[in-house]
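Notes for the one structure printed next.
Number of protein chains: 4
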Amino acid sequence: MKFKDNEAIYIQIADLVCENILEGKLPMGEKIPSVRDLAIQLQVNPNTVMRSYDTLQNREIIFNKRGLGFFVSENAQQIIRTGKRQSFLKIRLPELFKEMKLLEISSAELINLYQEYNANLKPNHNEIQ
Amino acid sequence: MKFKDNEAIYIQIADLVCENILEGKLPMGEKIPSVRDLAIQLQVNPNTVMRSYDTLQNREIIFNKRGLGFFVSENAQQIIRTGKRQSFLKIRLPELFKEMKLLEISSAELINLYQEYNANLKPNHNEIQ
Amino acid sequence: MKFKDNEAIYIQIADLVCENILEGKLPMGEKIPSVRDLAIQLQVNPNTVMRSYDTLQNREIIFNKRGLGFFVSENAQQIIRTGKRQSFLKIRLPELFKEMKLLEISSAELINLYQEYNANLKPNHNEIQ
Amino acid sequence: MKFKDNEAIYIQIADLVCENILEGKLPMGEKIPSVRDLAIQLQVNPNTVMRSYDTLQNREIIFNKRGLGFFVSENAQQIIRTGKRQSFLKIRLPELFKEMKLLEISSAELINLYQEYNANLKPNHNEIQ
DNA sequence: GTGGTCTAGACCACC
DNA sequence: GTGGTCTAGACCACA
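Order-wise, the sequence lines are chains A, B, C and D. In terms of the numbering used here, the first sequence opens at residue -15 and continues consecutively. In terms of the numbering used here, the second sequence opens at residue -15 and continues consecutively. In terms of the numbering used here, the third sequence opens at residue -15 and continues consecutively. In terms of the numbering used here, the fourth sequence opens at residue -15 and continues consecutively.
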């Protein structure tokens, strides 16, 4: 897997795990890959994966069973969704709308672009084994 | 003025200047504030402002007259618009649409939010003197 | 039974056994549950229970009869009491008092909280069968 | 400075900073030592100090000004106090009282010990320069 | 086997 | 100068 270089790797890994949870590939209560395993799979340092898991644990998306590993917590999906929703509504959208006004893009155009996007959509394969 | 802390300040300052140009507050050929003045106004290190002007100059949005200062170049508006448009269409929108699908936000909702945003819009005070 | 996650499980199990001894639920000479049984009861790896028993045996709180199991030793209560008393007076209390000063909690308040605690006390179900 | 080895160093450093804030040695808005400087002063790796600052920043006790360093945030004292108070009331005290019952220590004895502690108290010198 | 912590050292962007 | 991230490698306690 390749990472974007304009965002910290540990964030991208955390996001990857979140996506897998949202898509049901990692259901509630499921063990997620061990720090070492995921580090090998993603070709990064274990510390980096550890940091991802740390942030996810702080957000109570995953939890730790001593000596066993990390597991998807009960409300993981909900926590991720509400978090994303917050930042989307409070940060992303205002930015977007501000740019739209500056670029004089109408809402009609926006909808067109959205439908175009959906038409071209391809499935992705970032699955954590 | 307060800056977001997830983006480099010099970028935010450059964006601010661009906005002022797009909105016509800084028309073509106009002198923009000196590095020192803007640094004082924004409570920022002059080096940081200088770096903003540097990037704007590289993009040929402003130009320098030695000993006089920086001035808005002829096709500043056009350069900014096409640049913004590019990144908007190629980067921001795909990200946005991806999140919308994840959050199950329909285009109809999007339109509603846009109208809501426009209704609540407050006049903008990020004017460079 | 649920375990705190900021303390090793084998320590919590050892403490649990000690409590049962202090409260007389496991009188002197009594056989304590086999490693396997307690492991099943507590939903824990047998190695973990074994480690608890090991430390208790080292402190001569329990002893082993080969092929029969572990038994509460003669002066188990006394050993536990003096050990606990030591760590309580030398470690816990100083920490506690230091925090009390920081939080500006008076001894009068402390007494109140103690009485409140006693009033709300619920019977204890951490019994080892 | 020497660290206890039963608690992570980065936690002890965070606690140290908190104490300095509570005692007014680091007033609101004040710059705290740079990561590197404190690392040298405490003879630890900069990463370790960084981790301390990270947790403090997450708890909004300190904040970062890009390129300048970390500063004590406005409600730092309050945040620390309420946090400590919570863990004290919800965790430390119940543990304490439970042990008191097991050890058959009365509240009168507790008060005596508290007064004794106050009498022997010595000032401490963990000041961050 | 699992995570958790720490060190040493590097590189980078930013102010 | 500041923080932020990452790697490599080590050691430890725990299950």
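Ideal Cβ positions, reconstructed from N, Cα and C, are used throughout, including at glycine.
Where the alpha helix (DSSP H) containing residue i begins and where it ends
i	result
residue 55 of chain A	Residue 55 of chain A -> not in any alpha helix (DSSP H); beta strand (DSSP E) instead, spanning 53 to 56.
residue 65 of chain B	60 to 71
Three-state secondary structure (DSSP) of residue i
i	result
residue -13 of chain D	coil
residue 5 of chain C	helix
residue 119 of chain D	Because chain D spans -15 through 113 in this model, residue 119 of chain D falls outside it and cannot be assessed.
residue 16 of chain D	coil
residue 104 of chain B	helix
residue 96 of chain D	helix
residue 110 of chain D	coil
residue 10 of chain C	coil
residue -2 of chain D	helix
residue -8 of chain D	coil
residue 90 of chain B	coil
9 Å Cβ cut-off: residues of chain C touching residue i
i	result
residue 48 of chain A	-11
Bounding residues of the beta strand (DSSP E) (the contiguous stretch that carries residue i)
i	result
residue 81 of chain A	Segment 77 to 87 is the alpha helix (DSSP H) holding residue 81 of chain A; no beta strand (DSSP E) there.
residue 46 of chain C	46 to 49
Cutoff 8 Å: residue i Cβ touching any chain B Cβ
i	result
residue 14 of chain A	no
residue -6 of chain A	no
residue 78 of chain A	yes
residue 106 of chain A	no
Any C-beta of chain D under 8 Å from that of residue i
i	result
residue 95 of chain C	yes
residue 3 of chain C	yes
residue 83 of chain C	yes
Closer than 9 Å at the beta carbon, the chain A residues around residue i
i	result
residue 55 of chain B	In chain order: nothing, as chain A lies at least about 21 Å away.
Neighbour flag for residue i against chain A, beta carbons, 8 Å
i	result
residue 36 of chain B	no
Partner residues on chain A for residue i, Cβ-Cβ distance less than 8 Å
i	result
residue 87 of chain B	65, 68, 69 and 72
Neighbouring residues, chain B, relative to residue i (Cβ below 8 Å)
i	result
residue 6 of chain A	86
Closer than 8 Å to chain C by CB, residue i
i	result
residue 91 of chain D	yes
Counting Cβ pairs closer than 8 Å, one from the region 64 to 72 of chain C and one from the region 38 to 56 of chain D, do we hit at least three? Judged by Cβ distances under 8 Å, the region 64 to 72 of chain C makes no contact with the region 38 to 56 of chain D, as fewer than three pairs qualify.
Between the region 88 to 108 of chain A and the region 78 to 97 of chain B, are three or more C-beta pairs nearer than 8 Å? The region 88 to 108 of chain A vs the region 78 to 97 of chain B: in contact.
Evaluate the contact criterion for the region 72 to 91 of chain B versus the region 30 to 40 of chain B: three or more CB pairs, one atom per stretch, below 8 Å. No, the region 72 to 91 of chain B does not touch the region 30 to 40 of chain B.
Determine, using beta-carbon pairs with one atom in the region -11 to 8 of chain D and one in the region 48 to 62 of chain C, whether at least three such pairs fall under 8 Å. The region -11 to 8 of chain D makes no contact with the region 48 to 62 of chain C: fewer than 3 CB pairs, one atom from each, lie closer than 8 Å.
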